[in-house]
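First up is the structure itself, then whatever we jot down about it.
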Ligand SMILES: Cc1cc2nc3c(=O)[nH]c(=O)nc-3n(C[C@H](O)[C@H](O)[C@H](O)COP(=O)(O)O)c2cc1C
Ligand code: SF4
Ligand code: SF4
Ligand code: FES
Ligand code: FES
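Protein chains in written order, with this note's numbering: chain L, 276 to 870; chain C, 4 to 162.
Right, dumping it as structure tokens:
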């Protein structure tokens with residue numbers, strides 16, 4: 276490897292791309308070339324760094340200095356001041372919002388300091404397109420141990436000891452699953468990686484694939500060795516072109532290095548991997564549907580048993596694991612199951628990656644040790660709620676999950692503890708909601724999603740979710756009638772117990788959990804025709820409360836249709852003829868003056 | 004032979020290559036549909052028939068697959084595809100307002116194409132850029148933090 280004086284780890288994740296990382300990279304490359312620095316300084320485009328909220332971001336190695344919100348206009352100063360004269364550019368460093376203190380080193384920033392990197396340990400540290408850099412960070416060492424030193428039983432034992440549970444949602448112990456498939460009889464066995472990532476508000480798996488594709492391959496090879504599989508597929512969401520590109524390259528490089536394909540590392544063990552792109556169906560994230568999809572059929576779930584460990588893809592014994600689950604495996608084999616289990620709670624070991632978004636300051640990707648409280652995650656790592664608003668609830672686990680209100684914020688990140696308060700760990704979507712979020716509206720949002728994505732095979736899932744959505748629509752439109760809430764509860768019960776797959780069985784959760792904690796909000800909609808959070812347009816008056824109005828004019832500035840009249844020192848007024856009910860003024864008014 | 008106004012001889016040749024190289028692979032129908040759609044822009048019914056003959060599969064199977072997955076479009080698409088994210092993070096940040104404005108301005112709903120074939124509008128669930136919510140993609144370009152006005156401004160740039 277060519278030695279460089281400085282490595283510039285520029286985030287090439289989707290978030291930073293959208294905030295202009297591409298232009299910045301071009302300008303930076305040109306400037307380095309112009310100054311004849313391109314031999315000593317190298318720009319590496321990494322996967323998502325995690326701190327998307329302040330993107331585009333760049334880490335300067337080996338110093339560990341972190342730059343944020345970069346634009347192409349900053350390039351000259353950066354090169355001149357920092358890379359030539361060694362003086363970091365202060366104005367581009369991170370500033371702690373509360374204390375206004377400047378923090379130059381990445382690992383000192385609270386967002387990073389409270390995290391623990393295992394599944395994402397290479398994130399932003401290596402060039403994801405270089406197998407050498409992966410190997411230089413002990414990559415494929417665990418796999419080498421698995422194929423050359425351990426028996427399949429020993430591999431499975433090690434994974435059982437680690438306590439690693441499936442990160443795709445259900446949390447089934449990975450070692451146990453492998454044990455079933457190892458015992459199953461079959462001429463061919465398969466290892467599949469679930470990279471379908473369907474939760475609409477989550478991008479953990481994408482980031483792992485884009486930042487560290489070899490870690491996933493390594494995990495798959497070890498799993499294959501453990502169960503005796505010869506063929507693997509990665510089922511990747513079609514919306515993730517960069518992940519597919521990087522995986523393809525990683526597979527090719529691993530084959531060239533003799534780490535994949537025939538006779539891996541001279542051990543006599545054969546295993547190869549192909550990528551299979553999904554075609555846009557949420558239900559294909561479910562294991563049996565995913566396998567049918569690879570077989571070229573419509574992705575509809577089938578009843579279990581038989582379980583995939585015995586009869587999976589093409590009716591052969593199959594192990595399916597999630598991206599994040601697999602990304603942990605290499606290190607478990609290298610460092611031992613005990614090492615992995617040294618972090619976490621009684622029943623939940625290791626770390627978990629979350630995609631945190633919504634009404635929180637530090638939107639981005641975080642990896643935390645199991646056992647950390649939700650409060651710490653949202654308020655210390657996430658930096659709390661913006662615009663001085665109040666926290667209302669956090670939604671965990673996406674459409675199958677539930678929300679956790681303020682009073683349970685001290686719940687630790689642990690599969691069982693989170694389930695106790697009515698949510699699920701899920702795959703890692705964390706949506707923080709402030710007081711301006713209407714819970715009826717949120718429940719409606721998830722129902723709409725489920726309704727859309729139900730494969731239609733079972734009537735309760737297909738028709739039941741449609742009925743729920745109709746009732747929620749009715750309630751939000753101000754036509755709720757007494758008894759509606761009770762009907763909702765009954766429907767939820769039926770769908771839960773009589774659907775075939777996890778999609779249907781968990782579909783009512785968002786409704787049930789909002790009912791559990793925010794029933795009074797439903798009541799307000801139904802009985803008082805009032806939306807306390809002021810989100811349901813049909814229940815709003817679109818008038819200014821002249822007592823509350825502080826004459827600030829904020830609403831006037833944001834109204835897109837010129838419906839608001841206002842002058843300095845005068846209260847605002849809304850012309851309902853012109854108003855298009857966009858709700859922009861409600862959001863802008865800091866005095867809650869619009870009714 | 005397959006004759007269709009939207010399929011040029013070059014596309015036809017490409018389609019034949021795709022079919023020939025996947026003829027004997029079990030489960031190849033989804034990749035074949037994907038590649039053919041990439042070549043033509045959408046999947047006319049005649050093309051689906053042609054694929055089912057080429058792969059030796061019942062027409063109903065191929066048709067069933069093509070309609071099940073949202074990736075496949077059986078109607079012509081616009082010159083530009085506008086994907087508005089209706090994922091949770093974007094929803095919480097008020098993407099609905101932007102979506103409504105786009106729909107109203109161009110007179111199309113999700114899954115529809117303008118009469119002049121300028122835009123196809125799609126609602127998608129999470130583009131993996133939640134940090135920038137609300138997010139919209141036009142062709143391959145991602146735009147974050149879109150307010151209704153900005154969304155319209157951005158679209159103006161695509162002819
Ligand atoms: C409707 C539905 C959607 C799912 N989507 C995903 C997904 O996108 N990614 C994922 O890893 N698991 C998903 N799962 C869970 C998988 O069925 C399966 O349990 C998981 O991939 C197993 O891997 P793990 O044990 O490593 O978590 C989904 C399950 C259901 C019921
Ligand atoms: S529960 Fe819903 S998604 Fe699952 S099989 Fe039944 S209809 Fe399909
Ligand atoms: S709801 Fe929208 S259109 Fe109506 S007054 Fe408020 S800002 Fe203007
Ligand atoms: S995309 Fe750059 S930090 Fe997430
Ligand atoms: S929810 Fe819109 S990008 Fe993720």
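We put the beta carbon where it would ideally sit given N, CA and C, even for glycine.
Q: Count the CB pairs spanning the stretch 646–663 of chain L and the stretch 697–715 of chain L that are closer than 8 Å, and state whether there are at least three.
A: yes
Q: Please find out if some non-hydrogen atom of ligand 1 comes closer than 6 Å to the beta-carbon of residue 776 of chain L.
A: yes
Q. Looking at C-alpha atoms only, which residue of L:778, L:450, L:636 and L:740 is the closest neighbour of residue 372 of chain L?
A. L:636
Q. How is residue 610 of chain L classed by DSSP in three states: helix, strand or coil?
A. helix
Q | Environment of residue 276 of chain L [buried if 16+ CB atoms lie within 10 Å] | A | Per-residue confidence for residue 276 of chain L stands at a pLDDT of 47, beneath the threshold of 50, marking its modelled position as unreliable; the derived number appears in the next sentence. With fewer than 16 Cβ atoms within 10 Å of its Cβ, residue 276 of chain L is classed as exposed.
Q.
Let me check one thing: in DSSP terms, what residues is residue 639 of chain L bridge-paired to?
A. L:631
**Q.** When L:544, L:566 and L:520 are compared against residue 508 of chain L, the one with the closest alpha-carbon
**A.** L:566
(Q) At the level of alpha carbons, what is the spacing between residue 156 of chain C and residue 294 of chain L? (A) 17 Å
Q: Tell me the start and end of each unbroken alpha helix (DSSP H) in the stretch 388–458 of chain L that is at least 4 residues and wholly inside, in chain order.
A: 406–411, 416–423, 427–437 and 449–458
**Q.** Beta-carbon gap between residue 328 of chain L and residue 134 of chain C smaller than 7 Å
**A.** yes
Q: Could you tell me the distance, in whole angstroms, from the CA atom of residue 592 of chain L to the CA atom of residue 462 of chain L?
A: 9 Å
**Q.** Alpha carbon of residue 150 of chain C to alpha carbon of residue 432 of chain L, nearest angstrom
**A.** 53 Å
Q.
My assumption, with CB atoms under 8 Å, is that residue 570 of chain L sits in contact with residue 67 of chain C. Please give the rounded CB distance.
A. Incorrect: roughly 13 Å between the Cβ atoms, too far for contact.
**Q.** residue 721 of chain L versus residue 747 of chain L: straight-line alpha-carbon distance, rounded
**A.** 11 Å
Q: Closer than 7 Å by C-beta to residue 108 of chain C: which residues in its own chain qualify, once you throw out the five before and the five after it? Chain order, please.
A: 155
Q: Assign residue 10 of chain C to one of two classes, buried (16 or more other C-beta atoms within 10 Å of its C-beta) or exposed (fewer than that).
A: buried
(Q) Going by C-alpha to C-alpha distance, which of L:599, L:669, L:353 and L:382 sits closest to residue 469 of chain L? (A) L:599
Q. Smallest Cα separation from residue 82 of chain C: which of C:128, C:127, C:143 and C:32?
A. C:143
Q: Taking a Cβ distance cut-off of 8 Å, strictly less, list which residues of the stretch 827–849 of chain L are near chain C, in chain order.
A: 835
**Q.** residue 604 of chain L beta carbon near ligand 6 (any heavy atom closer than 6 Å)
**A.** Looking for ligand 6 in the displayed structure turns up nothing; the ligands present are ligand 1, ligand 2, ligand 3, ligand 4 and ligand 5.
Q | 8 Å Cβ cut-off: residues of chain C touching residue 387 of chain L | A | Those within 8 Å of residue 387 of chain L in chain C number zero; the least Cβ separation is about 15 Å.
**Q.** Cβ neighbours of residue 75 of chain C in the same chain (closer than 7 Å, five flanking residues each side left out)
**A.** 36, 40, 46 and 69
Q) In the DSSP assignment, what residue or residues form a beta bridge with residue 677 of chain L? A) L:671
Q) Using the beta-carbon count (16 or more within 10 Å), is residue 793 of chain L buried or exposed? A) buried
Q.
Using CA atoms only, rank isn't needed, just tell me which of L:733, L:310, L:497 and L:765 is closest to residue 787 of chain L.
A. L:765
Q. Cβ of residue 90 of chain C versus every heavy atom of ligand 5: is any distance shorter than 6 Å?
A. yes
Q. Which of the three DSSP states, helix, strand or coil, is assigned to residue 317 of chain L?
A. strand
Q: Indicate whether residue 488 of chain L and residue 152 of chain C have their beta-carbon atoms separated by less than 7 Å.
A: no
Q: In the DSSP assignment, find the alpha helix (DSSP H) that holds residue 354 of chain L and state where it starts and stops.
A: It is not in any alpha helix (DSSP H) - residue 354 of chain L carries neither H nor E in the DSSP assignment.
Q) With contact counted as at least three CB pairs below 8 Å, one residue from each stretch, are the stretch 616–629 of chain L and the stretch 640–650 of chain L in contact? A) yes
Q. When DSSP labels each residue in this structure, what does residue 871 of chain L get in the three-state scheme?
A. Since the first residue of chain L shown is 276 and the last is 870, residue 871 of chain L is not available in this structure.
**Q.** chain C contact for residue 740 of chain L (CB, 7 Å cutoff)
**A.** no
(Q) For residue 519 of chain L and residue 496 of chain L, which I take to be in contact (beta-carbon distance under 8 Å), what is that distance rounded to the nearest angstrom? (A) Not really, about 19 Å apart at Cβ, beyond 8 Å.
Q: Could you tell me if residue 802 of chain L is buried or exposed, where buried requires 16 or more neighbouring beta carbons within 10 angstroms of its beta carbon?
A: exposed
**Q.** Local Cβ density within 10 Å of residue 562 of chain L, reported as buried at 16 or more and exposed below that
**A.** buried
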